[in-house]
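Student: In the numbering used here, the protein residues as written are 1356 to 1689.
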C-alpha cells in the first residue's frame, strides 16, 4: 500500500528542523563535539566513555576513578567543578589548562634565554626545563595512563627540588658577587682598570689585575674574550706583541690560560706570567732575558679547532674560579 505524502504542515516542520539542526554548533566547550538529542546537546568525553550534560551541569556516568583516585570525590562532577581552568578529554580525570600553558611558556622562555646562562645557571635551567616538561606530560597522561602520570609527577617534583637548590646556590653566588664589587670599590689596591702603554716598536704593555683564568677591571670579573675585546681598540696598528701584565694570566699554558685566549682573539703574540707579575717585570723579562724566562711564557695564536678547545676549557675554568671567588666573598669578614 503506497504511503501518503506528508502534509504541507509536516513538510514545513521537517524543513524547519533541518534548518535548526544545520545552525547548531558542532564544536562546544573545550573543543569537544556536540551531540544533539532533540533540543538537548551532550559532550561525549574520551570518545564516548562518559557524557556531559551542560543543562544539568554534570556527567551522566560515574567516574570509575572516584572517589579515591584522580577523578575526585564527586564521581559525577565535570572538570572537578572548574571547567574554566580544567578540561577532561579522557573522561576519567581533569587536567589543568593553566599548568600546561605555563609549562609551555616556561619551556619557550627557558630555551630563549639558554644562551646567556652560565654553566651553573645552565644546570639549574636544564633541571627546571625537564621538571616543567615532565610535569606537563604528567598532566597530559593523567587521564589515559594514571600510573605513568604519577611516576612523571614524582620525577618532576624531584627535579624541581634540585633546580631550587641550584637557584639557592646561584643566589648565594650573586650575593657574593655584590660583596666582591663593594670590596673592590672600597679597596684602593684594586683601583686598577685596564691600562695600555707603549714599551717599544711593535710592543705594547697591558696592565690589569688578575687571578687564575679571571681578570678584574672596573670592579668586575672579566672573561678572557671580554678582555680581548677591550684591548683590541687600544692597540696601535703596528703592534704585534702584547705584554699582558696580569697576575696568573699564563696559568693553564696553551690549554686554558687567559693569555692564550687573548692571543687567539687578537691574532698577536702575547707574553704573560704564570704567577704574580707586574708590567715592569714582564718588560725586563722580555728585553733582558731569553723567553721563556722563569714563569714568563710566550703565547702564539692557535688554529681554529685548537682555539675552540682552549676557549671551552678556559670558560669552564673561569666559572669554577669566579664561583669560588664569589663564595669566598659571601663568607668573608667585613
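Built from N, CA and C at the ideal position, the CB exists for glycine as well.
Comparing alpha-carbon positions, which option in 1560, 1428 and 1389 lies nearest residue 1624?
Tutor: Per the Cα distances, 1560.
Student: Using beta carbons (cut-off 7 Å, strictly below), is residue 1492 in contact with chain B?
Tutor: No chain B is present in this structure, which holds just one protein chain.
Student: When DSSP labels each residue in this structure, what does residue 1578 get in the three-state scheme?
Tutor: Residue 1578 falls in the coil class under three-state DSSP.
Student: In terms of residues, what are the limits of the alpha helix (DSSP H) holding residue 1621?
Tutor: Looking at the DSSP string, the run of the alpha helix (DSSP H) that includes residue 1621 is 1613-1621.
Student: What's the C-alpha gap between residue 1416 and residue 1440?
Tutor: C-alpha separation (whole angstroms): 22 Å.
Student: Please state if the CB of residue 1653 and the CB of residue 1637 are separated by a distance shorter than 7 Å.
Tutor: Result no, Cβ atoms of residue 1637 and residue 1653 do not sit closer than 7 Å.
Student: Got a sec: does the ligand GTP put a non-hydrogen atom nearer than 6 Å to the Cβ of residue 1510?
Tutor: By its list of ligands, the structure shown contains no ligand whatsoever, and the ligand GTP lies outside what it can speak to.
Student: In three-state DSSP terms, what is residue 1323?
Tutor: In the structure as shown, the chain begins at 1356 and stops at 1689. Residue 1323 is therefore absent and cannot be evaluated.
Student: Could you tell me the distance, in whole angstroms, from the CA atom of residue 1655 to the CA atom of residue 1564?
Tutor: Computed Cα separation, rounded: 22 Å.
Student: Which term fits residue 1489, buried or exposed, when burial requires 16 or more other beta carbons within 10 angstroms of its beta carbon?
Tutor: Classification of residue 1489: buried, given that the 10 Å Cβ count is 16 or more.
Student: Out of 1406, 1401 and 1432, state which residue places its alpha-carbon closest to the alpha-carbon of residue 1445.
Tutor: Among 1406, 1401 and 1432, the Cα nearest to that of residue 1445 belongs to 1401.
Student: In three-state terms, what does DSSP make of residue 1676?
Tutor: It is helical.
Student: Just checking my contact of residue 1676 with residue 1566 at CB under 8 Å: how many whole Å lie between their CB atoms?
Tutor: Contact flag correct, Cβ pair sits at about 6 Å.
Student: Among 1598, 1421, 1666 and 1384, whose alpha-carbon lies nearest the alpha-carbon of residue 1616?
Tutor: The shortest C-alpha separation from residue 1616 is found at 1666.
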